[in-house]
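Chemist:
In my numbering, the protein residues as written are 1 to 169.
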């Protein structure tokens with residue numbers, strides 16, 4: 001598999017998985033994080049793109065175009081971020097990427113709350129909007145036939161092993 005994309009709401013585990021793979025398998029995979037481009041304030045998103053959703057769509061398209069070039073090198077690529085699944089599918093088609101695997105990294109709301117409030121020290125993110133975003137992504141995953149990878153009861157090592165299975169295909 002040339003490209004694996006992990007998406008999911010905050011607290012799902014996608015960044016922890018990507019970070020662990022980047023650290024443990026430095027030479028085996030190219031790992032990219034959506035947020036490395038920097039996330040501007042909402043007013044800048046509005047000014048430059050019309051809405052936060054349009055900003056996310058535009059940046060997803062940019063990312064996938066760049067990742068298509070990296071994936072052509074033959075090194076497996078792992079990309080993670082909070083992106084709508086429909087934007088990923090659109091961006092992959094625009095970049096002529098046919099061989100990719102999309103995983104929705106997910107967890108139950110109590111696990112998400114614990115991870116955000118305690119693990120990350122960001123209790124303000126464990127709110128109704130984040131839970132609704134997670135539910136929205138679950139619905140999109142079902143609609144698009146994407147794997148929903150529930151990390152609620154798994155250790156980081158188990159999560160990494162699951163993603164590695166896809167990267168080695």
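Glycine included, every Cβ here is placed at the ideal spot set by N, Cα and C.
#1: Examine the Cβ distances between the region 11 to 23 and the region 118 to 131 and report whether three or more of them are shorter than 8 angstroms.
#2: Measure the alpha-carbon distance for residue 61 versus residue 91 and round it to whole angstroms.
#3: Please identify the residue among 75, 41, 58, 34 whose C-alpha is closest to the C-alpha of residue 27.
#4: Pull up the DSSP beta-bridge partners for residue 32, would you.
#5: Checking 8 angstroms against the spacing of the C-beta atoms, do residue 167 and residue 17 come in under that value?
#6: Just list the beta strand (DSSP E) runs in the region 44 to 131, keeping only unbroken ones of 3 residues or longer that don't cross its boundaries, in chain order.
#7: Do three or more CB pairs link the region 28 to 47 to the region 131 to 151 at distances below 8 angstroms?
#8: Which residue wins for smallest C-alpha separation from residue 109, given the options 84, 147, 98, 152?
#9: Using the C-alpha atoms, what's the distance from residue 73 back to residue 137?
Modeler: If we stick to the structure as given:
#1: Below 8 angstroms, enough C-beta pairs join the region 11 to 23 and the region 118 to 131 to call them touching: three or more.
#2: Taking the chain shown and counting its residues from 1, one reaches residue 61 at position 61. Taking the chain shown and counting its residues from 1, one reaches residue 91 at position 91. The straight-line gap from Cα to Cα measures roughly 4 angstroms.
#3: The sequence position of residue 27 within the chain shown is 27, counting from 1. Measuring from the Cα of residue 27, the nearest candidate turns out to be 75.
#4: Position 32 of the chain shown holds residue 32. Beta-bridge pairing links residue 32 to 79.
#5: Position 167 of the chain shown, counting from 1, holds the residue named residue 167. Position 17 of the chain shown, counting from 1, holds the residue named residue 17. No, the pair does not count as a contact, with Cβ atoms beyond the cut-off.
#6: 77 to 81, 100 to 106
#7: no
#8: Residue numbering aside, residue 109 sits at position 109 when the chain shown is read from its first letter. Per the Cα distances, 152.
#9: The residue you call residue 137 lines up with position 137 of the chain shown. The residue you call residue 73 lines up with position 73 of the chain shown. Cα to Cα, residue 137 sits roughly 31 angstroms from residue 73.
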